[in-house]
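Here the sequence shown is numbered in my numbering, starting from 43 and rising by one per residue.
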Amino acid sequence: MLAELVVDHPSEHVLVISHGLTIKVAALLMLGLPASTALPEPPNASLTKTAIDPATGRRYLLGYGILPGGPE
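Take a look at the structure:
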C-alpha cells in the first residue's frame with residue numbers, strides 16, 4: 043500500500059495514520075533495514091516524517107515519533 047501511494051502521488055504530501063508497530067515496520071522497510079533492527083515503536087499520537095527524492099529514489103527518515111511540542 044505505501045509503495046502504491048508513492049507511485050500514485052509523486053512529489054505530493056501524503057498523510058498516513060496507523061498504529062505504532064505499522065509505522066515502525068514501514069520506517070524499517072523504507073530504510074532497507076531488517077525487521078530485527080532495534081527501534082522502539084513510536085509513541086501514540088506522534089508524527090513520523092519520511093521523504094523520497096523523486097529524482098534519485100533515495101529515502102529519508104526526517105523524524106520519528108515526534109510528539110506535540112517537540113522538534114519538527
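Virtual Cβ for every residue (Gly too), placed ideally from N, Cα, C.
In this structure, the CA atom of Met43 is about 24 Å from the CA atom of Ala80.
Nearest to Leu57 by C-alpha distance, out of Gly99, Gly111, Arg101, Thr92, is Thr92. The C-beta separation of Gly62 from Pro76 comes to about 19 Å, leaving the pair out of contact by the 8 Å criterion. The residues Pro76, Ala77, Thr79, Leu81, in chain order, have a CB closer than 8 Å to that of Leu70 in the same chain once the five nearest residues on each side in sequence are set aside. Ranked by Cα distance from Gly111, the options Ile94, Ser88, Asp50 are led by Ser88. Cβ-Cβ separation between Gly107 and Thr90: approximately 6 Å, consistent with a contact (criterion under 8 Å). The same chain holds no residue with a CB closer than 6 Å to that of Thr98 once the five nearest residues on each side in sequence are set aside.
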